[in-house]
Amino acid sequence: MAFCTTCGAQFNGRGNHCTRHSSYLQDYYNQYTSDSHDVVPIKYRTGRFRSSSHNRHRKPRQIGYHDSYNALDTYNPQTNEWANNYNGYNGSDPITHPTTILPLTTTFDRLANNHSIAELTYSIEPTGKRSITATANPDREQCPVCFQYFADVGRLRAHTWEFPIGCERHRVCLRDEDAAWHAQSERHERCFVRGCTSVYRREGGWRGIVVENHVKGWHS
């Protein structure tokens with residue numbers, strides 16, 4: 030039971046006014062007065078003739094969370110993204126947007142693959158200012174055959190031990206078991222194995238089969 034804020038009569042239904050004092054009603058309510066408890070069905074006007082532009086159907090209210098600074102995040106399930114409302118800005122954060130991080134990632138991969146840097150620091154200040162600090166790697170070494178870079182001399186030695194045969198012409202380092210296959214497929218005019226002291230390396234102009242047999246007999 031509710032009481033009308035105008036006359037104090039009890040009524041059953043929504044709102045703060047009884048059927049006599051309600052200015053706009055949308056349903057059938059049951060009126061109760063202090064001296065009678067008889068149910069009185071009353072047909073209420075909808076108010077659609079009050080204004081030509083009035084819609085009697087209530088539109089669903091869009092519920093949102095707001096604070097005094099309007100700085101809360103709103104999640105959009107349609108795009109699976111968050112929209113930040115910092116100082117009235119609506120949209121994805123430009124600091125962490127993929128288009129901003131991608132150039133940094135590409136640069137880091139390129140510098141890390143040739144071991145030219147030992148450390149890369151990327152910092153973001155609360156104001157949005159970004160800075161990159163890179164530390165060079167003075168210990169990196171390069172293979173004289175395949176020109177591949179290594180982080181230090183120890184890794185270069187491990188590479189040379191694993192691939193002892195190198196062909197400077199094709200810039201490739203090979204294992205012992207791959208030397209014969211390379212000699213057969215490339216048909217060199219001289220021995221391509223680095224460190225070989227034979228005449229087949231000192232002098233050129235040999236037939237491919239001669240160099241192939243030499244490599245198979247001496248280096249594989």
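All residue numbers for the sequence shown refer to my numbering, where the first residue is 30 and numbers rise by one. The beta-carbon is built from N, C-alpha and C at its ideal position, and this holds for glycine as well.
Looking only at its own chain, which residues have a Cβ that is under 8 Å from the Cβ of residue i, when we skip the five neighbours before and after it?
i           : result
residue 184 : 170
With 16 other CB atoms within 10 Å as the buried threshold, where does residue i fall?
i           : result
residue 236 : exposed
residue 35  : exposed
residue 230 : buried
residue 240 : buried
residue 48  : buried
Please report the straight-line C-alpha distance between residue i and residue j, rounded to a whole angstrom.
i           : j           : result
residue 218 : residue 187 : 30 Å
residue 138 : residue 242 : 43 Å
residue 176 : residue 212 : 21 Å
residue 247 : residue 145 : 37 Å
residue 200 : residue 174 : 5 Å
residue 159 : residue 180 : 28 Å
residue 221 : residue 193 : 12 Å
residue 136 : residue 233 : 43 Å
residue 94  : residue 153 : In this prediction, residue 94 has a pLDDT of 43, which is less than 50 and means its spatial position is unreliable; what the coordinates show is noted afterwards. Going by the C-alpha atoms only, they are around 28 Å apart.
residue 208 : residue 156 : 59 Å
residue 206 : residue 228 : 22 Å
Mapping DSSP to helix, strand and coil, what is residue i?
i           : result
residue 148 : strand
residue 41  : strand
residue 222 : coil
residue 137 : helix
residue 162 : strand
residue 106 : Because residue 106 sits at a pLDDT of 49, beneath the cut-off of 50, its placement in the model cannot be relied upon, and the following sentence gives the value as read from the coordinates. Here residue 106 sits in coil by DSSP.
Can you list, in chain order, the residues of its chain with a C-beta nearer than 7 Å to that of residue i? Leave out the 5 residues immediately preceding and following it.
i           : result
residue 162 : 150
residue 50  : 33, 35 and 36
Give me, in chain order, the residues of the same chain whose beta-carbon lies closer than 6 Å to that of residue i; leave out the 5 immediate sequence neighbours on both sides.
i           : result
residue 147 : 164 and 166
residue 223 : 195
residue 168 : 181
Could you tell me which uninterrupted alpha helix (DSSP H) segments, each at least 4 residues in length, are contained entirely in the segment 168 to 201, listed from first to last along the chain? 182 to 191
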